[in-house]
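Visitor: One structure, as structure tokens, below. Some questions next.
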Amino acid sequence: MSSKNDTEVIIDGKIFTLSGYETKDYLQKVASYINGKISEFKKSEGFKNQSAEVRSTLVSLNIADDYFKAKKQADALESDVELKDKQIYETKNELVTTQIKIESLEKELDDLRKQLTEAQKENIKLEARIYELKEDNDKLLEKTKNTSDVKKTSRTKKSTLSEEI
């Protein structure tokens, strides 16, 4: 725990000794703030004509007003920070979910590419087999045609021979 600090400050021309756990610089800033408020009011003609008690009350009210405005602003900023933190948390969760989805889709894409490559290889094999079968078919057709031609020629010769006999 830090030690208590005592410092002398001047407020409205009077010397006061302030004590607190804050730094001496901080206590001087507080006194300076109060002096600033008093100076603002002293510029007003009506303020000078008031009793010391009324002047003190007006300065106190003005300082309290500043405090509540600053507190309201700080609370709004804190709410803003909480909202932003929540949005960041949700965005991070969405990011993680999206990254997982991307990884899954990339794996699926790799699998599909492998399947496509295998299908293309199989297609090439099947096309080669079709080509072989067509060649075999053409050869058989040629043989059949040749056999048919030979049979025709043979019949024609047989027929010619029969006629000659």
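With our numbering applied, the sequence shown closes on residue 194, and no number is skipped along the way.
All residues carry an ideal CB built from backbone N, CA and C; glycine is no exception.
Source: prediction; values computed, not measured.
Return helix, strand or coil for Asp41, following the three-state DSSP convention.
Guide: coil
Visitor: Excluding five sequence neighbours on each side, which residues of the same chain lie with their C-beta closer than 8 Å to the C-beta of Ser31?
Guide: Tyr50
Visitor: Could you tell me the alpha carbon to alpha carbon distance between Val125 and Asp140, rounded to whole angstroms?
Guide: Going by C-alpha positions, Val125 is about 23 Å away from Asp140.
Visitor: Measuring only the C-alpha atoms, how far is Glu147 from Val110?
Guide: 55 Å
Visitor: On a Cα-Cα basis, can you pick out the residue from Arg158, Gly42, Ile44 and Leu56 that is closest to Asn34?
Guide: Per the C-alpha coordinates, the member of Arg158, Gly42, Ile44 and Leu56 positioned closest to Asn34 is Leu56.
Visitor: What are the residues that DSSP puts in a beta bridge with Asp35?
Guide: Ser48
Visitor: Closer than 8 Å is the cut-off here; do at least three beta carbon pairs connect the region 92-100 with the region 69-81?
Guide: Output reads no: the region 69-81 does not touch the region 92-100.
Visitor: Terminal residues of the continuous alpha helix (DSSP H) containing Gln57?
Guide: Lys53 to Lys71
Visitor: Suppose contacts are defined by Cβ-Cβ distances below 8 Å. Is Val88 in contact with Lys66 by that definition?
Guide: yes
Visitor: So for Gln128, helix, strand or coil by DSSP?
Guide: helix
Visitor: Between Lys53 and Thr36, how many whole angstroms is the CB-CB distance? I'm expecting something under 8 Å.
Guide: 4 Å
Visitor: Of all the beta strand (DSSP E) runs that stay within the bounds of the region 70-136, which reach a length of 3 or more residues?
Guide: Unbroken beta strand (DSSP E) stretches of 3 residues or longer found wholly inside the region 70-136: none.
Visitor: Distance, Cα to Cα, Tyr160 vs Thr173?
Guide: Each residue's CA atom was taken as its position, placing Tyr160 and Thr173 some 20 Å apart.
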